[in-house]
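**Q** The working numbering puts the first residue of the sequence shown at 1233, with every later residue one more than the last.
Note that CB positions come from ideal geometry on N, CA and C, so glycine has one too.
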Amino acid sequence: MNTFYRGPACVVWELTLACNLKCLHCGSTAGGKREAELSPGEALALCDDLKKAGCGGVALMGGEPLLRKDFFAIARRVRELGMELSVITNGTVQSEGIFRGLRELSPRAVAVSLDAADPALHDRIRGQKGAFEKSGSFIDRCLAEGLPVSVITTVHKLNIAELPKLRDLLKGRGIAWQVQTAGAEGGRFSRDLLLDKEDFYAVGLFVEACRRHYSAEELPVIGAHDLGYHSALLTNVSLYEKWKGCQAGISVAGIRSDGGVMGCLAVNDAAFVEGNVRRESFASIWNRPGAFAYARAFKKEQAGPECAGCEHAETCGGGCSEMSLMKTGRLHNDPYCFLAIEKKMLAAEKSGPLRKLGLKLGGLAGGASFRRLGGIFSGKRGRDA
Ligand code: SF4
Ligand code: SF4
């Protein structure tokens, strides 16, 4: 099969698994460091290695990446090498030096997690009293520094009702908002809190309605990869006009803090580690024939029962690999698919509420274009995208 894949557009790099919070939904159950995390020297060498492999951008996350003492040395190397930089933080580790350092990096995005507009609920989800206030002040300070701020909200049963309040908190402030749904990989998360299909579809509806109601300047909002696909009604949820399948090992990659290379860190399973940058270069792992076969070499015959016979199976690949594994224990079988949910609703209903919903959505004025949103989410806020 593949002999060469262009370097990843983006590598999501878990700098450390250490974290000062204990978030309920944390997919990697962060808290303490991984055994044998990359040393400062190894981390800097990995930056060079990523550049050589043709990587376009790096998103530094954790755990909490700002806990690493060499965070700025690594981030600076990423920028010196000409790669885009995003930082994903819980926003509770802060100092004058951090804000100054972030500004000097000219990052594409500083993304801060915010799970509720209600401070007590956010603190409960994040496992620390006062976390909401700290993250809020981090966001305010980054905005004051002119940094491109994003907020990431991870939705589950505890906070789904917070979405309208979060929308009101965020709109009009120049903050880009990414809405994603929680998985059940983490050890602190109870499966009872996972969204059911109706909740999941409601999250899609919420994002769609925001996108149709507000301009990209008023409220730039996107749904993450797992919110999709091929819906007849919800056509304006993700950052892309067309879903092209799970991009793990195709245009994105993940690196664990111990050097393990994966297609996507959301798939929190050691069986999906393709190699380690301590033993070979990133390029050699990325370009190895047969690597990331679950995404690169997918054939529609491999689709599971949820996706078998779907007209989009070939290009969709059966949805999000993480969602599929988490929900059904196998790949290419994502049951949380807007198209499949709509088909089931249409088959079950007689009175046409789905059709009425479509008419209501169609009646919403305005709308944020994919092009404009693409510009905002790639760090071109305030400029023509
Ligand atoms: S049914 Fe499966 S293959 Fe078809 S669009 Fe949904 S996730 Fe993709
Ligand atoms: S596993 Fe899901 S979140 Fe990860 S790259 Fe694939 S679609 Fe995106």
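Expressed to the nearest angstrom, what Euclidean distance is found between the alpha-carbon atoms of T1386 and G1418?
**A** The alpha-carbon atoms of T1386 and G1418 are separated by roughly 13 Å.
**Q** Which residues in the same chain have their Cβ closer than 8 Å to the Cβ of G1404, if we skip the five residues on either side of it in sequence?
**A** Cβ neighbours of G1404 beyond the five flanking positions: E1450, L1451.
**Q** Suppose you measure from the CA of L1427 to the CA of G1259; what does that come to, to the nearest Å?
**A** Between L1427 and G1259, the C-alpha separation is close to 15 Å.
**Q** Entirely within the stretch 1375-1412 and at least 4 residues each: give me those alpha helix (DSSP H) ranges in chain order.
**A** You should have 1395-1402.
**Q** Using a Cβ-based criterion (distance less than 8 Å to any ligand heavy atom), does C1478 qualify as near ligand 2?
**A** Correct: C1478 has its Cβ closer than 8 Å to ligand 2.
**Q** Determine whether the beta carbon atoms of V1499 and L1459 lie at a separation below 9 Å.
**A** Contact: no.
**Q** Within the same chain, show all residues whose beta-carbon is closer than 6 Å to that of V1493, passing over the 5 residues directly before and after it, in chain order.
**A** The residues are I1487, E1506, G1507, I1517.
**Q** List the residues that DSSP assigns as beta-bridge partners of W1245.
**A** Its beta-bridge partners are L1292, I1487.
**Q** Run the CB neighbour count on R1238, radius 10 Å, all protein chains shown included, and call it buried at 16 or more, exposed below.
**A** Flag for R1238 reads exposed.
**Q** Kindly indicate which three-state DSSP category A1572 falls into: helix, strand or coil?
**A** It is helical.
**Q** How long is the line joining the alpha carbons of L1398 and F1304, rounded to whole angstroms?
**A** Using only the alpha carbons, I get a separation of about 31 Å.
**Q** Does ligand 2 have a heavy atom nearer than 8 Å to the CB of E1506?
**A** Outside the cutoff, so no.
**Q** Determine, using beta carbons only, whether V1383 and L1395 come nearer to each other than 9 Å.
**A** No; because the gap between Cβ atoms is not below 9 Å, this pair is not in contact.
**Q** Could you give the C-beta distance for S1447 and F1570, rounded to a whole number, given that I count them as a contact under 8 Å?
**A** No, S1447 and F1570 are not in contact; Cβ-Cβ is about 24 Å, not under 8 Å.
**Q** Would you report the Cα separation of T1235 and L1353, rounded to the nearest angstrom?
**A** Confidence in T1235 is poor, its pLDDT being 45 and thus under 50, which makes the residue's placement unreliable; the coordinate value appears in the next sentence. Going from the Cα of T1235 to the Cα of L1353 covers about 49 Å.
**Q** Using the beta carbon as the reference atom, which residues fall closer than 5 Å to any heavy atom of ligand 1, ordered along the chain?
**A** Residues flagged by the Cβ proximity filter: Y1461, H1462, C1539, C1542, H1544, A1545, C1548, G1550, G1551, D1566, C1569, L1571, A1572.
**Q** Can you tell which of E1430, Q1360, I1371, V1381 has the C-alpha that lies nearest to the C-alpha of I1392?
**A** If we check each option's Cα against that of I1392, E1430 comes out closest.
**Q** Over the uninterrupted beta strand (DSSP E) stretch that includes E1212, give me the two end residues.
**A** There is simply no residue 1212 to check, as the chain begins at 1233 and stops at 1617 in what is shown.
**Q** Could you compute how far the alpha carbon of E1410 sits from the alpha carbon of H1257?
**A** Looking at the sequence provided, one finds Gln at residue 1410 rather than Glu. Answer to the nearest angstrom: the Cα atoms are 16 Å apart.
**Q** Could you tell me how far apart the beta carbons of E1274 and R1510 are, in whole angstroms, since I believe they sit closer than 8 Å?
**A** Contact holds; Cβ gap of about 7 Å.
**Q** Excluding the five sequence neighbours on either side, which residues of its own chain have a C-beta within less than 8 Å of the C-beta of K1254, listed in chain order?
**A** The residues are G1263, R1358, G1359, Q1360, R1420.
**Q** Should K1283 be labelled buried (16 or more other beta-carbon atoms within 10 Å of its own) or exposed?
**A** K1283 should be labelled buried.
**Q** Within the continuous beta strand (DSSP E) that includes S1345, where are the two ends?
**A** Run containing S1345: 1341-1345, per the beta strand (DSSP E) assignment.
**Q** On the three-state DSSP scale, how would you describe V1325?
**A** Reduced to three states, the DSSP call for V1325 is coil.
**Q** May I ask you to check if the CB of M1315 is nearer than 8 Å to at least one heavy atom of ligand 2?
**A** Not under cutoff, so the answer is no.
**Q** Could you give the distance in angstroms between the alpha-carbon of K1559 and the alpha-carbon of G1551?
**A** Whole-angstrom Cα-Cα distance: 12 Å.
**Q** So, at 8 Å on beta carbons, what are the nonlocal neighbours of T1248 in its own chain, with the 5 sequence-adjacent residues on each side left out?
**A** For T1248, where only same-chain residues beyond five positions count, the Cβ hits under 8 Å are K1265, R1266, E1269, G1294, G1295, E1296, P1297, L1299, R1300, S1489.
**Q** Could you spell out the range, first to last residue, of the alpha helix (DSSP H) harbouring V1435?
**A** First-last of the alpha helix (DSSP H) with V1435: 1429-1445.
**Q** Out of G1286, L1437, C1548, A1363, point me to the one whose CA is closest to W1475's CA.
**A** Ranking G1286, L1437, C1548, A1363 by Cα distance to W1475 puts C1548 first.
**Q** For the alpha helix (DSSP H) that I1517 lies in, which residues bound it at each end?
**A** That run of the alpha helix (DSSP H) goes 1514-1518.
**Q** Between which two residues does the beta strand (DSSP E) carrying V1493 extend?
**A** Taken as a continuous stretch (DSSP letters only), the beta strand (DSSP E) holding V1493 covers 1492-1494.
**Q** Heavy atom of ligand 2 less than 8 Å from the Cβ of S1553, yes or no?
**A** S1553: yes, Cβ under 8 Å from ligand 2.
**Q** Can you name, in chain order, every residue of its own chain whose Cβ lies under 8 Å from the Cβ of V1342, other than the five neighbours on each side?
**A** Closer than 8 Å at the Cβ level, and outside the excluded window around V1342, lie S1318, V1319, T1321, L1334, C1374, L1379, P1380, V1381, S1382.
**Q** Drop a sphere of 10 angstroms on the beta-carbon of E1336, count the other beta-carbons inside from all chains shown, and report buried for 16 or more, exposed for fewer.
**A** By the 10 Å Cβ count, E1336 comes out exposed.
**Q** Thinking C-beta only, is N1565 closer than 9 Å to G1536?
**A** The answer is yes: Cβ separation under 9 Å.
**Q** Among the candidates S1367, V1290, S1271, A1241, whose CA atom is the shortest distance from the CA of N1252?
**A** Of the candidates S1367, V1290, S1271, A1241, the one whose C-alpha sits nearest the C-alpha of N1252 is S1367.
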